[in-house]
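Asks: Mind looking over this structure? Questions follow.
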Amino acid sequence: AERNAESMAGQHQDRDTSTSTTQLDTLPVKELYKQHLKKSIEKTVMEIKYLDRKLKKVDLEILLLERQLRE
């Protein structure tokens, strides 16, 4: 369910991006900055997800090494 929501959100963002990039010249500075902040937040969220997955991987590797030491 989470993947579907992310996928739909990504598709929606793609549509927003394609229309907004063609109209950047007509947007007021405040709106441009708002879009910049939204993109920065999206990037940060993706980086957090990546780091969370990396941490989980390292945790699993630690568990594996601990089990190997016990054997």
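Residue 1 is where the sequence shown starts when you use my numbering, and the numbers rise one by one after that.
From the three backbone atoms N, C-alpha and C, an ideal C-beta is built for every residue, glycine too.
All figures in this text were calculated on a predicted structure; none of them were measured in a lab.
1) With a threshold of 8 Å on Cβ separation, who are the neighbours of L24 within its own chain once the five nearest residues in sequence on each side are excluded?
2) Tell me which residue opens and which closes the alpha helix (DSSP H) that T26 is part of.
3) Using the C-alpha atoms, what's the distance from L65 back to L37?
Replies: Straight from the coordinates:
1) L32
2) Premise fails: T26 is in no alpha helix (DSSP H) and is neither H nor E.
3) 42 Å
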